[in-house]
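S.K.:
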């Protein structure tokens, strides 16, 4: 049976997370449910999309991801199953799912549910129920109507020229590291063996380190992280606090003239 | 095998939660354990009762709920199994379990345990051990002595007249929404198609919304939530902070003269 | 199949915890993974060692403990499997594992991994992968090279004379209780039926209580906790805040002259 993962902005001190799991386990008591995080900032689809995008491909193909972030975005919210990169996502059609992959969904199904008009807890009454049925083998098309409607947002794009690539901090993580949208592949294409300088705030750093521990404790590192994005931090320290980095801080890499 | 749920005031950064789970898994390594929350405010049986009451009926009948909130309330604390609404609860007889249902327990068993006099960690040494044995099929009566002793507290009651129903905020949730003890059923009985006004602080609201997103972001909604209780919030905002709502804030509904 | 436990300093609002679990579940979708805590203070091997030491023996012998705390301590970090007290530990060789037991490891295996030079996420790429393989039955020696290299730290030792034993607070827990390194066994050996006084800050307490609830709410208790260590707290209160106890605060027990 497929795994179900579960991500939400529900926090840890109410009954909401357990209510969703209970609904799934009532349908199939043997179902494995893996928490991704329930500490997504309330209503913040950008935070949710970042976390989900960073991890969903680690799960086996066919995994079902229940995404309960900002689920009541509009009065007549649509709830959907989207098949993206071989994974199923169930969530509100609030744009979050458009931010987790460059690929368009292979299938989008708008969920039909007798309760859909009335519920104030769609994550339990619609998403959990349909996730359990999908995991139990019901084909997506039997759970609703195939549609092409899909709310799409554009992520802030990287700017890249021969001389410079410039991006932004897209996430301050638990360690205070600043993760940017500057991509290792694009960096490699642009660089062509030239020297370069990474610039942010008043800092200028002329190398990219192989790992977080390549600098002394208390010093600043710049690495490409495990998802291939440029990450700035302080070894054993909190870079966001100590260097004033935050969401959206500009970061650029200037390449030397050849 | 029955599910075991687990709720505590242990927090997330010590070994207490894992110690309880380890004890259960040592007795039965295949046991499914579902966390309800470990962020119940320390010693706060009112918070614990609210969360448990809101969710336990979502689980299949026969589920075993291990309740480790304020477990060392008195020097000669009793530990019990109570069967309520088809669900088994194991906890300290500290009054919490009297607050989760209007029903009296069908059976109460006082747990006997060789360690019961000595342990300073009854959640692990008494509750976990007995929860695992109950899940493994041991009948409750073999785990202790049937009793009628049951510490009972009365919840703050709703006041209801022909003209008005008045209650209180019983919980500020993770989103800053204020959940009251005003019940949808009683509201419907009293209302009889009359107009009404919901009053709290300086606010007066003349309708109940079908869902959280029925008002614009930043505006106040009043809904009956998924548990049938009146809930006040701000769409995409924190009502507790922005409108000064807190635990026990009075909320009333005045009905128009017919 | 053996259980895998998982402890980290990753926090709850990123994808790191889920990425490690996904890697394990990709290798074996049936694997049971039990969280110990993901709220270990970042880089704090002392906090991690305290939590792990307090709980690992509760799990069945043969359990596999994935320890992801301060995993990138040095540039050429070693990753190891250590067999201690019948349990397998996978972690960075950063000294944490030397603090969880008085026993030396029975076996230490330095993990070999094609990715080992390159990864910036060793918990996922090295520890998770090897934990899953170990749980699946691969013998430890096939996962790397047997070694004797093992980074060892000495815990702050208890001082004990005929007249006095003196130690320190080693952990302030979720309830604000102060846990010391003063051991019940040593206390019993030294005491020999004599009277004694427990001293810390300006407090002097002439008894050890059988349980947290042996004093009135708001009063100070001193107990030997479920791990056999002297613990100081306030019944229903936060001793660390109210009595100014913190990590490393000295605590001593003076024995009366016979």
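Residue numbers (our numbering), protein chains in the order written: chain F, 14 to 271; chain H, 14 to 271; chain C, 14 to 271. We put the beta carbon where it would ideally sit given N, CA and C, even for glycine.
1. Please classify residue 217 (chain F): does DSSP put it in a helix, a strand, or coil?
2. Is it right to say residue 50 (chain C) is buried, meaning 16 or more other beta carbons lie within 10 angstroms of its own, or is it exposed?
3. 8 Å is my cut-off, CB to CB: does residue 196 (chain C) come that close to chain D?
4. Would DSSP call residue 48 (chain F) helix, strand or coil?
5. Where does residue 172 (chain C) fall in DSSP's three states?
6. Express the C-alpha separation of residue 26 (chain H) and residue 264 (chain F) in angstroms, rounding to a whole number.
7. Report the three-state DSSP secondary structure of residue 60 (chain C) (helix, strand or coil).
8. Check whether the Cβ of residue 142 (chain H) lies closer than 8 Å to any Cβ atom in chain C.
9. Cα-Cα, which of C:207, C:256, C:143 is closest to residue 191 (chain C)?
10. Start and end of the alpha helix (DSSP H) containing residue 29 (chain H)?
11. Classify residue 162 (chain C) as buried or exposed, calling it buried when 16 or more other Cβ atoms lie within 10 Å of its own Cβ.
12. Between residue 106 (chain F) and chain H, is there a C-beta pair that is closer than 8 Å?
13. Counting only C-beta atoms, is residue 272 (chain H) closer than 8 Å to chain C at any point?
14. For chain H, is any of its Cβ atoms less than 8 Å away from the one on residue 72 (chain C)?
15. Taking the straight line between their C-alpha atoms, what separation do you get for residue 23 (chain F) and residue 176 (chain F)?
16. Taking the straight line between their C-alpha atoms, what separation do you get for residue 82 (chain C) and residue 235 (chain H)?
17. I need the straight-line Cα distance from residue 140 (chain F) to residue 141 (chain C), nearest angstrom please.
18. When you compare the stretch 42-60 of chain C with the stretch 29-37 of chain H, are there three or more beta-carbon pairs, one atom per stretch, that lie closer than 8 Å?
19. The alpha helix (DSSP H) with residue 91 (chain H) in it runs from where to where?
20. DSSP on residue 72 (chain F), reduced to helix/strand/coil?
21. Check whether the Cβ atoms of residue 178 (chain H) and residue 199 (chain H) sit closer than 8 Å, and answer yes or no.
22. I'd like to know if the stretch 182-189 of chain H and the stretch 106-122 of chain H are in contact, where contact means that at least 3 CB-CB pairs between them fall below 8 Å.
23. Going by other Cβ atoms of all chains shown within 10 Å of its Cβ, with 16 needed for buried, is residue 269 (chain H) buried or exposed?
24. Would you say residue 339 (chain F) faces chain H, with C-beta separation under 8 Å as the test?
25. Select from the stretch 226-242 of chain C all residues with a C-beta closer than 8 Å to any C-beta belonging to chain H, and list them in chain order.
26. Just grab the DSSP bridge partners of residue 21 (chain H) for me.
27. Please return the same chain residues whose Cβ sits closer than 6 Å to the Cβ of residue 212 (chain H), not counting the five positions on each side in sequence.
28. Under DSSP, the beta strand (DSSP E) around residue 184 (chain C) begins and ends at which residues?
29. Does the beta carbon of residue 18 (chain H) sit closer than 8 Å to a beta carbon anywhere in chain F?
30. Taking residue 16 (chain H) as the reference, which of H:167, H:160, H:77, H:193 has the closest Cα?
31. Kindly identify the DSSP beta-bridge partner or partners of residue 267 (chain C).
32. What residues in its chain sit with their C-beta under 7 Å from that of residue 240 (chain H), if we drop five residues either side in the sequence?
33. What are the boundary residues of the alpha helix (DSSP H) that residue 124 (chain C) is part of?
34. Looking at the structure shown, is residue 198 (chain C) part of a helix, part of a strand, or coil, going by DSSP?
35. Given that a residue counts as buried once 16 or more other Cβ atoms are within 10 Å of its Cβ, and exposed if not, what is residue 230 (chain C)?
M.R.: In brief:
1. Here the question's residue 217 (chain F) lines up with position 204 in the first chain. DSSP, read as helix, strand or coil, puts residue 217 (chain F) in strand.
2. Sequence index remark: in the third chain, residue 50 (chain C) carries index 37 (1-based). Buried.
3. Here chain D cannot be found, since the structure's protein chains are F, H and C.
4. Looking up residue 48 (chain F) in the first chain gives position 35. If DSSP states are grouped into helix, strand and coil, residue 48 (chain F) belongs with the strands.
5. In the third chain, counting from the first residue as 1, residue 172 (chain C) sits at position 159. Of the three classes helix, strand and coil, the one that applies to residue 172 (chain C) here is strand, per DSSP.
6. Taking the first residue of the first chain as 1, we reach residue 264 (chain F) at position 251. Taking the first residue of the second chain as 1, we reach residue 26 (chain H) at position 13. So the alpha carbons of these two residues sit roughly 35 Å apart.
7. On the third chain, residue 60 (chain C) is found 47 positions in, with the first residue counted as 1. Residue 60 (chain C): helix per DSSP, three-state reduction.
8. Within the second chain, residue 142 (chain H) is the residue found at index 129, counting from 1. With its beta carbon at least 8 Å from every one in chain C, residue 142 (chain H) lies outside the interface.
9. If you number the third chain from 1, residue 191 (chain C) lands on position 178. When C:207, C:256, C:143 are compared, the shortest CA-CA separation from residue 191 (chain C) is found for C:256.
10. Here residue 29 (chain H) refers to the residue found at position 16 when the second chain is read from its first residue. Unbroken alpha helix (DSSP H) run through residue 29 (chain H): 29-40.
11. Along the third chain, one-based indexing puts residue 162 (chain C) at 149. Counting other Cβ atoms within 10 Å of its Cβ, residue 162 (chain C) stays below 16 and is therefore classed as exposed.
12. Locating residue 106 (chain F) in the first chain gives position 93, where the first residue counts as 1. Chain H, which has no Cβ nearer than 8 Å to the Cβ of residue 106 (chain F), makes this no.
13. What the structure shows of chain H is the stretch from 14 to 271, and residue 272 (chain H) is not part of that stretch, so it cannot be assessed.
14. What you label residue 72 (chain C) is simply residue 59 of the third chain in a count that begins at 1. True, the Cβ-Cβ gap to chain H drops below 8 Å.
15. Taking the first chain and counting its residues from 1, the one referred to as residue 23 (chain F) is at position 10. Taking the first chain and counting its residues from 1, the one referred to as residue 176 (chain F) is at position 163. Distance between the alpha carbons of residue 23 (chain F) and residue 176 (chain F) is about 44 Å.
16. The residue labelled residue 82 (chain C) in the question sits at position 69 within the third chain. The residue labelled residue 235 (chain H) in the question sits at position 222 within the second chain. Those two C-alpha atoms are separated by around 45 Å.
17. What you label residue 140 (chain F) is simply residue 127 of the first chain in a count that begins at 1. What you label residue 141 (chain C) is simply residue 128 of the third chain in a count that begins at 1. So the alpha carbons of these two residues sit roughly 30 Å apart.
18. At 8 Å Cβ cutoff, the stretches touch.
19. For the purposes of this step, residue 91 (chain H) is taken as residue 78 along the second chain, with counting starting at 1. Element bounds for residue 91 (chain H): n/a, residue is neither H nor E.
20. In the first chain, residue 72 (chain F) corresponds to position 59, counting from 1. Three-state result, residue 72 (chain F): coil.
21. If you number the second chain from 1, residue 178 (chain H) lands on position 165. If you number the second chain from 1, residue 199 (chain H) lands on position 186. Yes, these two residues count as a Cβ contact at 8 Å.
22. As far as the Cβ criterion goes, the stretch 182-189 of chain H does not touch the stretch 106-122 of chain H, which means the pair count is below three.
23. Your numbering for residue 269 (chain H) matches position 256 in the second chain. Counting Cβ neighbours within 10 Å, residue 269 (chain H) comes out exposed, since fewer than 16 surround it.
24. With chain F covering 14 to 271 only, the question about residue 339 (chain F) has no answer from this structure.
25. The stretch 226-242 of chain C vs chain H, Cβ under 8 Å: 226, 227, 236, 237, 238, 239.
26. Position 8 of the second chain, counted from the first residue, corresponds to residue 21 (chain H). By DSSP's assignment, residue 21 (chain H) forms a beta bridge with H:81.
27. One-based indexing of the second chain puts residue 212 (chain H) at position 199. So the qualifying residues of the chain are 265.
28. To locate residue 184 (chain C), count along the third chain from 1; it is residue 171. Counting along the chain, the beta strand (DSSP E) containing residue 184 (chain C) begins and ends at 177-185.
29. Your numbering for residue 18 (chain H) matches position 5 in the second chain. Interface residue, yes.
30. The residue you call residue 16 (chain H) lines up with position 3 of the second chain. Distance check between residue 16 (chain H) and each of H:167, H:160, H:77, H:193 places H:77 closest, using alpha-carbon atoms only.
31. Position 254 of the third chain holds residue 267 (chain C). Partner(s): C:177, C:210.
32. Counting from one through the second chain, the residue named residue 240 (chain H) turns up at place 227. Contacts found: 67.
33. For this step, residue 124 (chain C) is matched to residue 111 along the third chain. For residue 124 (chain C), no alpha helix (DSSP H) run applies; the uninterrupted beta strand (DSSP E) run containing it begins and ends at 120-124, by DSSP.
34. Start at 1 with the first residue of the third chain, and residue 198 (chain C) comes out as number 185. Helix at residue 198 (chain C).
35. Indexing the third chain from 1 puts residue 230 (chain C) at position 217. By the neighbour-count criterion, in which a residue is buried when 16 or more other Cβ atoms sit within 10 angstroms of its Cβ, residue 230 (chain C) is exposed.
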